[in-house]
Amino acid sequence: MTDASAIRARFRERGFVIDEAFATAVQIMLAIDKPLLIEGPAGVGKTESAKVLAEVLDTRLIRLQCYEGLDAMTALYEWNYPRQMLHARLSEIENMTIEEREAEIFSERFLLKRPLLDAITQDRSPVLLIDEVDRADEAFEAFLLEVLAEWQVTIPELGTIRARHKPHVIVTSNRTRELSDALRRRCLFLWLPYPSLKQEIEILHARVPGLSERLAQQIAQMMQVLRGLSLQKAPGVAESLDWAMALMSLHRDHLDAKTIEQTLGCVLKVHEDSEIVAAHQAAIESAQIESRDFGLGSVSTPSA
Amino acid sequence: MYPFGSLLSNLVAFGDFLRGEYGFRIGSGELHDAARVLEVVDLADESAVRNALRPILSKTSEDASVFDQAFTEFYFPGPTGVQQAGQEPVWRELGPEAGGGEKHVGVEHPVAPEGAKEEAGSEVAGGTTAPLATMEPRVAPTLLARASYSPLEAEATGEAPELRPVESAWRNAARVLERRLHLGLSRRWRSAARGPRFDLRRTLRASLQTGGEAITARWLRRPRRTPRFVLLIDGSRSMGSYARTALQVAVAIASVTMRLEVFTFSTDLQRVTNDVRRAAAGEIRCLDRMQYAWAGGTSIGRCLREFVRRFSARMMGRDTVVIIVSDGLDVGEPSVLRDAMGELHRRSASVVWLNPLLETPGYEPTAEGMSTACPYITTFSSANDVAGFARLSRLVRVRA
Chain W
449 MTDASAIRAR FRERGFVIDE AFATAVQIML AIDKPLLIEG PAGVGKTESA
499 KVLAEVLDTR LIRLQCYEGL DAMTALYEWN YPRQMLHARL SEIENMTIEE
549 REAEIFSERF LLKRPLLDAI TQDRSPVLLI DEVDRADEAF EAFLLEVLAE
599 WQVTIPELGT IRARHKPHVI VTSNRTRELS DALRRRCLFL WLPYPSLKQE
649 IEILHARVPG LSERLAQQIA QMMQVLRGLS LQKAPGVAES LDWAMALMSL
699 HRDHLDAKTI EQTLGCVLKV HEDSEIVAAH QAAIESAQIE SRDFGLGSVS
749 TPSA
Chain R
731 MYPFGSLLSN LVAFGDFLRG EYGFRIGSGE LHDAARVLEV VDLADESAVR
781 NALRPILSKT SEDASVFDQA FTEFYFPGPT GVQQAGQEPV WRELGPEAGG
831 GEKHVGVEHP VAPEGAKEEA GSEVAGGTTA PLATMEPRVA PTLLARASYS
881 PLEAEATGEA PELRPVESAW RNAARVLERR LHLGLSRRWR SAARGPRFDL
931 RRTLRASLQT GGEAITARWL RRPRRTPRFV LLIDGSRSMG SYARTALQVA
981 VAIASVTMRL EVFTFSTDLQ RVTNDVRRAA AGEIRCLDRM QYAWAGGTSI
1031 GRCLREFVRR FSARMMGRDT VVIIVSDGLD VGEPSVLRDA MGELHRRSAS
1081 VVWLNPLLET PGYEPTAEGM STACPYITTF SSANDVAGFA RLSRLVRVRA
């Protein structure tokens, strides 16, 4: 599976629609063994892509969810102290030399593997998802760099553990803060924008079987309009899928003003946004009537 | 510099081009990866080469958004060229979203007879021998942005200010300011001599020194949160020399913390963080490339709104102290300013507004812009010299 179009097809089989650029990024990530940093607005499938990649490669997905306050020990390993102590007490009567007892207490049996250590001790390259790295502190980012560069972890009591098989790493970021240049340089970079109208229709069909052509078209068009409205929380693909499922379960086969009003909660998550949308009712209605591509799907990328 | 005979030297030249013209940060490591990747992808497929090089050579979304344009400019220079069967015309690549790319189409280049391309693949492989002149009139995107029309900008005159390292009094004041901001404690646990939580791991490790008996207890404590700063400096003409003082404030803060972003605005918003950081590191920098953000009219509301839209998500949080240096003479709609200020207030720990006019006897913040912004300001003060800046550390309040 070294060819971009093959990767694309494999993703498509699992209901995940990706474009040529994404497929090529995955291809070179696998070819040159570098982490892939995916940035993009919320809900465009950054996390999902790692899950699907693991399925496609038929390997384990190991996930490290980042959060504020995440430290190296939570990400790497921890000795199971209570168990060690208990074991030391219980084995006091046994006839063992000090060295033997020490070796036993500090053996892998008492090591709690956290995601990063787990990822480098697999028999087969897993997919390591480092999710929402922008939520972790900057100090953690520096630590992560070390692991990503060397693929080895030194545990004083056990020695250095080197990765037998380098994991395929996907790092995601929602851009709640600027990532360091050093981290960026270690990674391949992929900007994942909102899908185009055509892609979104394709995604809807792939993920929500039985969705009528007309409804898919209407939902995708609505999304294009909504994303162009500069809302506080612009809806992502996840929202359009939720919406499609909600409409399916309500047995609607097309969108009208009343249905939109009733179900817009699937899409808009902030009260102010609902007000903005209400103010733009006219534009939304025209989107339903004409089959127009508003072309507002892509977010404007700021230039420094 | 172009063309070169081999694929590799072409790639190196492309790297230089991206660095020089578009400010990409790429080194030999990236080029090495790029070369490896070219072995993997189909060189005859132009879009595959683009898609493969983009993730390696661009590192931010800003880079990624101009990469295609740069690729076209470098490998398919000039709009004129002998079109070969199977090759798309170059200008179609630019597309409407390619920004200013099409603006320099006006330059007509002679086509070298040997410049005829066989196909896109051999193009990448260094087959093209386009004349050197075609690479000359490249226009950086910033220059094009400057050429766009704005009624306010027509007035822009005024000389560009210089950024230089600041004296120790400024740095000390900045250090005190940074220390005195109490934002509470971080969520992280750090080891410490004393603290509220017992550190079993380090205690056991320390016990190795005492023959396995845990004599010294180790503790964990939450360190304090360090503030982030966002400095928004009004560079319009009415600010006069005060804006220069504001830049000194920026350099002073930059010399004590990396957690700073600096923007200037008058009619347009301009990010100058890198210039400020380099000034703090000892360089003297002239801000001439951002003259258009300097000494025009002021539309504070519009610029702040632009900041909120483009940057606030990744630069603001509950650790952020926003410092706006402006006289508040806004020519835009008050509602725009109100919304932007509301958003800044909501997303930050504190909004400090430094108004140089405040030191003028009898000044009241009654101008429309100022009175609109007032409800959202946590600290309203002035810092026209180093003493004023030093005073600031005692005035700034943060919300809990």
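From first to last, the protein sequence lines are chains W and R. If you're matching positions, the first sequence starts at 449 in the working numbering and goes up one per residue. If you're matching positions, the second sequence starts at 731 in the working numbering and goes up one per residue. In this text, a Cβ means the ideal position worked out from N, Cα and C, and glycines have one as well.
query, result
"Residue-chain proximity (Phe459(W), chain R), Cβ-Cβ < 9 angstroms", "no"
"Element boundaries [beta strand (DSSP E), containing Asp579(W)]", "Val575 to Asp579"
"Any chain W beta carbon closer than 9 angstroms to Asn781(R)", "yes"
"Neighbouring residues, chain W, relative to Leu930(R) (Cβ below 8 angstroms)", "Tyr529"
"Residues within the stretch 1036 to 1049 of chain R neighbouring chain W, beta-carbon criterion of under 8 angstroms", "Arg1039, Arg1040, Phe1041, Ala1043, Arg1044, Met1045 and Gly1047"
"Chain W residues whose Cβ lies nearer than 8 angstroms to that of Trp919(R)", "Gly517 and Asp519"
"Bridge partners - Glu751(R), DSSP secondary structure assignment", "Paired residues: none, contrary to the question."
"Contact check, Thr1109(R) vs Leu1122(R), beta carbons under 9 angstroms", "yes"
"Unbroken stretches of the alpha helix (DSSP H), 4 residues or longer, contained in the stretch 665 to 709 of chain W", "685 to 697"
"Beta strand (DSSP E) runs wholly inside the stretch 576 to 643 of chain W, at least 3 long, in chain order", "600 to 603, 607 to 610, 616 to 621 and 636 to 639"
"Member of Glu1036(R), Gly1118(R), Ala976(R) and Phe1119(R) whose CA lies at the smallest distance from the CA of Asp1057(R)", "Ala976(R)"
"Min CB distance Leu593(W) to chain R below 9 angstroms", "no"
"Extent of the continuous alpha helix (DSSP H) run through Asp1005(R)", "Thr1003 to Ala1010"
"Host alpha helix (DSSP H) of Leu1036(R) (start-end)", "Reading off the sequence, residue 1036(R) comes out as Glu, not Leu. That run of the alpha helix (DSSP H) goes Ile1030 to Arg1040."
"Which of helix, strand or coil DSSP assigns to Trp919(R)", "coil"
"For Tyr525(W): DSSP bridge partner residues", "Lys561(W)"
"Candidates Gln680(W), His616(W) and Ile667(W): closest to Asp506(W) by CA position", "His616(W)"
"Chain R residues whose Cβ lies nearer than 7 angstroms to that of Thr507(W)", "None at all; the shortest Cβ gap to chain R is about 20 angstroms."
"Buried/exposed call for Asp571(W), threshold 16 Cβ in 10 Å", "exposed"
"Per-residue contacts from Trp639(W) into chain R (C-beta, under 7 angstroms)", "Ser791 and Ala794"
"Paired residues, beta bridge with Leu512(W) - DSSP", "Ile578(W)"
"Local Cβ density within 10 Å of Phe928(R), reported as buried at 16 or more and exposed below that", "exposed"
"Segment limits, beta strand (DSSP E) that includes Phe797(R)", "Where Phe797(R) is concerned, there is no enclosing beta strand (DSSP E), although the alpha helix (DSSP H) it sits in stretches over Ser791 to Tyr805."
"Spatial distance of Asn781(R) from Ser788(R) (CA atoms)", "11 angstroms"
"First and last residue of the uninterrupted alpha helix (DSSP H) at Ser898(R)", "Ser898 to Arg910"
"In DSSP terms, what Glu487(W) is bridged to", "Ser621(W) and Trp639(W)"
"DSSP-derived helix/strand/coil call for Gln570(W)", "coil"
"Inter-residue Cα distance where the pair is Glu550(W) and Phe558(W)", "12 angstroms"
"Length of the line joining the Cα atoms of Ala654(W) and Gly676(W)", "24 angstroms"
"Buried versus exposed call for Glu1094(R) [16 or more other C-beta atoms within 10 Å across all chains shown]", "exposed"
"Within chain W, the residues that Asp763(R) reaches when beta carbons sit closer than 9 angstroms", "Ile476, Ile480, Lys482 and Leu636"
"Leu862(R) in three-state terms, based on DSSP", "Confidence is the limiting factor: at Leu862(R) the pLDDT is only 39, short of 50, which leaves the residue's position unreliable, though a coordinate-based value still follows. The answer is helix: DSSP assigns Leu862(R) an H, G or I state."
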